[in-house]
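Here the protein sequences line up with chains A and D, keeping their order.
FYI, in the working numbering the residues of the first sequence are 554 to 713.
FYI, in the working numbering the residues of the second sequence are 11 to 116.
Each residue gets a CB set at the ideal place from its N, CA and C atoms; glycine is no exception.
Quick caveat: nothing in here was measured; it's all calculated off a predicted structure.
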Amino acid sequence: MSVLQLTRAVYEAIRAHGEETYPHECCGALLGKPAARGWRIDAAVKAGNTRTDSAHNRYNIAPAELVKIEREARSLGLSIGGFYHSHPDHPAQWSQTDFAEAHWLGCSYVITAVAQGRAAVTNSFFLAGTTEEDKRFEQEKIEVVAAFEPLAAFGESKKP
Amino acid sequence: MTIYVPTPLRPYAAGKDALDVNAGTVSGALDELTQTFPDLRQHLLNEAGKLRAFVNVYLNDEDVGYLPDKDATAVSATNTLSIIPSIAGGTCRPGDCAFGAGTRAE
Numbered sequence: 554m555s556v557l558q559l560t561r562a563v564y565e566a567i568r569a570h571g572e573e574t575y576p577h578e579c580c581g582a583l584l585g586k587p588a589a590r591g592w593r594i595d596a597a598v599k600a601g602n603t604r605t606d607s608a609h610n611r612y613n614i615a616p617a618e619l620v621k622i623e624r625e626a627r628s629l630g631l632s633i634g635g636f637y638h639s640h641p642d643h644p645a646q647w648s649q650t651d652f653a654e655a656h657w658l659g660c661s662y663v664i665t666a667v668a669q670g671r672a673a674v675t676n677s678f679f680l681a682g683t684t685e686e687d688k689r690f691e692q693e694k695i696e697v698v699a700a701f702e703p704l705a706a707f708g709e710s711k712k713p
Numbered sequence: 011m012t013i014y015v016p017t018p019l020r021p022y023a024a025g026k027d028a029l030d031v032n033a034g035t036v037s038g039a040l041d042e043l044t045q046t047f048p049d050l051r052q053h054l055l056n057e058a059g060k061l062r063a064f065v066n067v068y069l070n071d072e073d074v075g076y077l078p079d080k081d082a083t084a085v086s087a088t089n090t091l092s093i094i095p096s097i098a099g100g101t102c103r104p105g106d107c108a109f110g111a112g113t114r115a116e
């Protein structure tokens, strides 16, 4: 089983985002670095949900916003390691829609159930496989830590 | 110009997150990318050789699909090309949840 490592701040931020947008779905990207058994996530970036026609049960992040998020990740020495969204008044389990629209192989998809406006269960699913034809979601362990050791990239950038 | 490779495609591009190519058009840049890393081809293109429906390509901040000349658009050395798979989804409808059978949380 893979492991998604999140800082407490990131974990709380994505759950708070789900409460903030309730009864609509929230969405965003997770920036981090590959770890031994999954991703280590250093930052969560909120994104707009372009599905304003059906925001209570659908989400979509505009590709143009993803371009900017990826640019931001590069500037921090990070990569997009996954995405998060909420399921208002629905379980924190992936749906057929989530699966059909999942194309970031090797990345984590975090889902928070928001029940009556309060964040409930948060689960993460790793999109395993090598192609669209053999992809599959595998539930992974979420490991919440107080903070990570400073990234080498940050330390190097501070050198004179 | 520089082509940025998204996370899921890096295993098929020798782990690289970016590649500098010397091309005159968007399609020329993508051709050079897939010639350099042939394993990328099946992930980017369908059987007809067109970009897969969920693959977005941005020239700087512009969606190539909306440019007048589309992938025949001329590029310069300072341009960037971003390959961005789409991201979307939504809640379960009754019966389509992986484990929860679509039941509402109380």
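Cβ neighbour criterion (16 or more within 10 Å) applied to residue i
i      : result
T88/D  : exposed
E702/A : exposed
A799/A : Since the first and last residues shown for chain A are 554 and 713, residue 799/A lies out of range.
P616/A : buried
E691/A : exposed
V15/D  : buried
M554/A : exposed
D30/D  : exposed
S86/D  : exposed
Residue span of the beta strand (DSSP E) that contains residue i, given as start and end
i      : result
G38/D  : It is not in any beta strand (DSSP E) - G38/D instead sits in the alpha helix (DSSP H) that spans 36 to 46.
T665/A : 661 to 668
Q646/A : Where Q646/A is concerned, there is no enclosing beta strand (DSSP E), given that its DSSP letter is neither H nor E.
L680/A : 671 to 681
Q701/A : For the record, residue 701/A in the displayed sequence is Phe; it is not Gln. Element bounds for F701/A: n/a, residue is neither H nor E.
A597/A : 591 to 600
T90/D  : 90 to 95
N66/D  : 65 to 69
Pick from the options that is closest to residue i, judged by C-alpha positions
i      : options                        : result
S607/A : Q45/D, A24/D, R20/D, G100/D    : G100/D
L680/A : V663/A, K694/A, G659/A         : G659/A
E578/A : E623/A, W647/A, P641/A         : P641/A
I13/D  : K80/D, V36/D, A84/D            : V36/D
G34/D  : D81/D, D49/D, I94/D            : D81/D
P587/A : V556/A, Y564/A, I664/A         : V556/A
D71/D  : S92/D, P21/D, K26/D, A23/D     : S92/D
H609/A : G571/A, A626/A, G585/A, R590/A : G571/A
Y41/D  : L61/D, D27/D, A24/D            : It is worth fixing the name first, because residue 41/D is Asp in this sequence and not Tyr. Minimum Cα distance to D41/D is reached at L61/D.
A596/A : Y637/A, E685/A, R689/A         : Y637/A
K688/A : S86/D, H53/D, V31/D, A63/D     : H53/D
I567/A : A672/A, E686/A, F678/A, E685/A : A672/A
E686/A : D79/D, A84/D, N56/D            : N56/D
Segment limits, alpha helix (DSSP H) that includes residue i
i      : result
G571/A : 561 to 574
K621/A : 616 to 628
A653/A : 649 to 653
H53/D  : 51 to 54
Backbone CA spacing between residue i and residue j [nearest angstrom]
i      : j      : result
S639/A : G630/A : 27 angstroms
A39/D  : D49/D  : 16 angstroms
R20/D  : I97/D  : 17 angstroms
V698/A : R593/A : 10 angstroms
A569/A : V674/A : 12 angstroms
A666/A : A589/A : 28 angstroms
T683/A : T605/A : 32 angstroms
S628/A : I622/A : 10 angstroms
Q558/A : S661/A : 10 angstroms
L69/D  : E693/A : 35 angstroms
A653/A : P95/D  : 13 angstroms
T44/D  : Y22/D  : 10 angstroms
Contact check, residue i vs residue j, beta carbons under 9 angstroms
i      : j      : result
Q646/A : N602/A : no
I695/A : W657/A : no
G581/A : A562/A : no
G670/A : Y575/A : yes
L584/A : N66/D  : no
E625/A : V663/A : no
Any non-hydrogen atom of the ligand ADP closer than 8 angstroms to residue i Cβ
i      : result
H570/A : As for the ligand ADP, it is missing from this structure, which has no ligand bound.
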